[in-house]
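Have a look at the structure below, then the notes.
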Amino acid sequence: MTDGWSVARALTDPGSVAGLDATGWTHLLSAARALSLIGTLAEALADSPVPPGVARVLADVRQSNVTGQRQALWEAKCASMALTGYPGRVVLLKGTAFVAAGYDAALGRSIGDLDILVEHAGLDQVEALLLKAGWEWVKPDPYDDAYYRQWMHELPPLIHAERDRMIDVHHTILPLTAKPKPDAAALIAAARVLPSGLYVLSPADIICHAAAHLIADGDMSGGMRNLWDIDRLVRQFVVEEPGFSDTLAERAKLHGLTDAVGRALRLTQRLFGTPIVFRLKPQSRVVTAQSGHGLRLSPENEKQVTASDALFLRRITAVDGWGRKTRKLTRQAFYMRSHLLRMPPAMLARHLWTKWRKGHRG
Amino acid sequence: MRHSCSITVGPARFRIGSDWRAPVDQLRALYQDYPQDEGVPDFTVRLQATSSIRRLIKPQVAIAGDFTLPDAAPLPLEQGLLAAEMAMNLQMALGWRRHLLLHASAVSRNGRAVIMTGVSGAGKSTLSALLGERGWRFLGDEFVLLDPDTGMIAPFPRPVSLKNTAIAAMEREVDDESRFGPVMHDTPKGTIRHLRPRTEAVELMTRETRPALLLFPRFGYPRAVRRVDEAESFVRLTQASTNYVALGERGFDALTGFVRAMSACAIDYADGEEGVEMVERLWSEQGGKVGERAAAA
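Protein chains in written order, with the numbering used here: chain A, 1 to 362; chain B, 1001 to 1297.
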């Protein structure tokens, strides 16, 4: 039966698609599309022999990749021009950052909104400049607006009136209600400048952000794509960044994201065979890809971690050959988890009550 | 999914899955002349219940597939066929990259095509259906596919989506009842009934034609003809294209080449008969000649 694992297999071992029949291909393409990994798959298979019908579909996708990335860079440029008068650093996040920095993770990466990070003290000025340059509010609802401003790690989303593209302006990488408190000032201070004058997070911080976004915030709906980002980034940074493994451990600790990064790396290892570069707990020994061992944990801990990792993987691969979401209970459990992570129970109850009264769903 | 079928229209192959049997049966009947072999599809469409209860009680069809719109409203199961058609259109509009897509209808004669474009309700669909019954080859009533490399039109002859008064007009025109789909009342666009094109139009749907005459028809106005220059045609067609921006420079080159290759007219007409007569007249005055010039070039 097709699920997300077939996509993971095709991405890591393009040769494995050789034996697929028409049905197998159909299911693989639909599952990859539903997981937002069709662009990545198209690039991974660019040099593999595939049936003519598949080749046509993948050629279309590759063309859309080029357009999508060009538009993402243009959108970053537009934001940069709008923010000329802002003296602080403007840090690109997520997909746009990968493309702008030329990282391997950019290959085939689909990009939706533009995400930027600025320091909290600069938010008012950045907001005013963007509004002046043609962006406007998406959510006019006063409760949502107030909620974003009080509790979220970003401004309420803005959309550009003419280009119809969204921008998320972050001042940190997790909601203020979440337990881990990443050091936003340190993220911005360590960011690296690009020739365009825009910044991207340092390599270790990019991994911390990806892990935080996946493990400590979201409901896993874009989970596999996030993990693929991490896989590509880790493989590149291990080679190109001296001392990357130690730096990552330090930065994860600084941001309170040691568990999240550990989890993310275990999951990428299971899905994509990512080299292990990270010590799970300060006490445990560093485990490298070369040593060939699994993560060192006490047997009891190991059992718990393995069981919960399996649950994460079950959620992340929950898609079928029609591109439908499957495993409804697991998905709902993760949806509730995402809310619990963001809010203490009493606050969650108040939030849901307000939403229900307004007739919102979820 | 519980029920499914495959349908090929022009260069595009669709896989349609459904939680119910009825929409799939209706599709199979309406598309009986079209290839229905199962290969790897270009697009997957899903007609799925909005919730598990809604599969059985007051069934509601959610439109889903490779490409979706977040705010697409579900339709009642009686309009499942319409949901499938809308979903297929949506896949083309958002996902197709092999051609420049123009929201237009088209017919051809002697390998040269008349392209008719306009906002919904301008009459382009009915006009193409009428011409398709009167000696023209029907190429499509919804999308015209322009090949950026060759400048040729690839037919996309889906069943015509007839709305409201156009239904009776075409029922008078076509005496073969089996070519009509079920009548769907109270849809978001009023009453809708599909008309399957003549068998020849479907049999010839892989054969491309050369664009020769561009028209901007407007139904329900006193008779008038106005020449439209290249610049105006270009701007109006960028608005009528769903993938012009996505194709980037290829789209720009395709569209500028397209508007330069032929003459264009805006035509106002009071009823279908007048519309057909005006298209015939313009065709004999300029379409044929311009087409020959373009073909020679």
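For each residue, glycine too, the CB sits at the ideal point set by N, CA and C.
Listed in chain order, the positions of the region 8–25 of chain A with a beta carbon within less than 9 angstroms of a beta carbon of chain B are A22, T23, W25.
Of all residues in the region 1041–1055 of chain B, the ones placed with a Cβ closer than 8 angstroms to any Cβ belonging to chain A are P1041, D1042, T1044, R1046, Q1048, in chain order. Taking a Cβ-Cβ threshold of 8 angstroms, the residues of chain B close to V54 of chain A are V1040, in chain order. Residue contact check for A1246 of chain B against chain A: a CB pair falls below 7 angstroms. Using a Cβ-Cβ cut-off of 7 angstroms, G1118 of chain B does not count as an interface residue toward chain A, since no Cβ of chain A sits closer than that to its own.
Looking only at A:I159, A:L313, A:Q125, the smallest Cα-Cα distance to D113 of chain A is reached by A:I159. From the listed residues A:D144, A:G102, A:V91, the smallest Cα separation to A190 of chain A is found for A:V91. Contact between A72 of chain A and L194 of chain A is absent: CB atoms are separated by about 14 angstroms, not below the 8 angstroms threshold. Going by beta carbons, A178 of chain A and L348 of chain A fall outside the 7 angstroms limit. Taking 8 angstroms as the upper bound for CB-CB distance, I207 of chain A and V261 of chain A are in contact here, some 6 angstroms apart. If you ignore the 5 residues before and after T172 of chain A, its C-beta comes within less than 7 angstroms of the C-beta of H153, P182, A184, all in its own chain and listed in chain order. Pairwise C-beta distances place the region 1004–1024 of chain B in contact with the region 1079–1095 of chain B, as three or more of them are shorter than 8 angstroms. The three-state secondary structure of H1185 of chain B, taken from DSSP, is strand. Nearest neighbour of L311 of chain A by Cα position, chosen from A:W151, A:G223, A:L176, turns out to be A:G223. Remark: C-beta atoms of A44 of chain A and L11 of chain A approach each other more closely than 7 angstroms. The beta carbon of M1001 of chain B falls within 7 angstroms of a beta carbon belonging to chain A, placing the residue at that interface.
Contact residues of the region 316–333 of chain A toward chain B are W322, G323, R324 (C-beta to C-beta distance below 8 angstroms). Chain A has a Cβ within less than 7 angstroms of the Cβ of G1017 of chain B. Around the beta-carbon of K1058 of chain B, fewer than 16 other beta-carbon atoms lie within 10 Å, marking it exposed. Residues of chain B with a Cβ closer than 8 angstroms to the Cβ of P51 of chain A are, in chain order, V1040. The C-alpha of S1233 of chain B is placed about 25 angstroms away from the C-alpha of S1161 of chain B. R1281 of chain B has a beta carbon lying at 7 angstroms or more from every beta carbon in chain A.
In this structure, R1002 of chain B and P1041 of chain B do not form a Cβ contact; the two beta carbons are roughly 18 angstroms apart against a cut-off of 8 angstroms.
Beta-bridge analysis with DSSP links I1115 of chain B to B:A1106, B:L1214. The DSSP-derived three-state label of Y1269 of chain B is strand. Looking at the backbone, the Cα of Y86 of chain A and that of G122 of chain A are separated by about 8 angstroms. One thing to note: S1018 of chain B has its Cβ within 7 angstroms of the Cβ of L1047 of chain B. Rounded to whole angstroms, the separation of the alpha carbons of V234 of chain A and T330 of chain A is 28 angstroms. S30 of chain A and G323 of chain A have their C-alpha atoms spaced approximately 5 angstroms apart. Below the 8 angstroms Cβ cutoff, chain B contributes T1044, D1066 as neighbours of S30 of chain A, in chain order.
At a cut-off of 7 angstroms between beta carbons, R1227 of chain B makes no contact with chain A.
Within the same chain, Cβ atoms closer than 6 angstroms to the Cβ of P203 of chain A are found at F237, E241, the five residues on either side in sequence being excluded. In terms of Cβ geometry, H1194 of chain B and L1030 of chain B form a close pair [threshold 7 angstroms]. E136 of chain A: member of the beta strand (DSSP E) spanning 135–137, first to last residue. Remark: C-beta atoms of V319 of chain A and L41 of chain A do not approach each other more closely than 7 angstroms.
A residue is called buried once 16 or more other Cβ atoms fall within 10 Å of its Cβ, and L201 of chain A is buried on that count.
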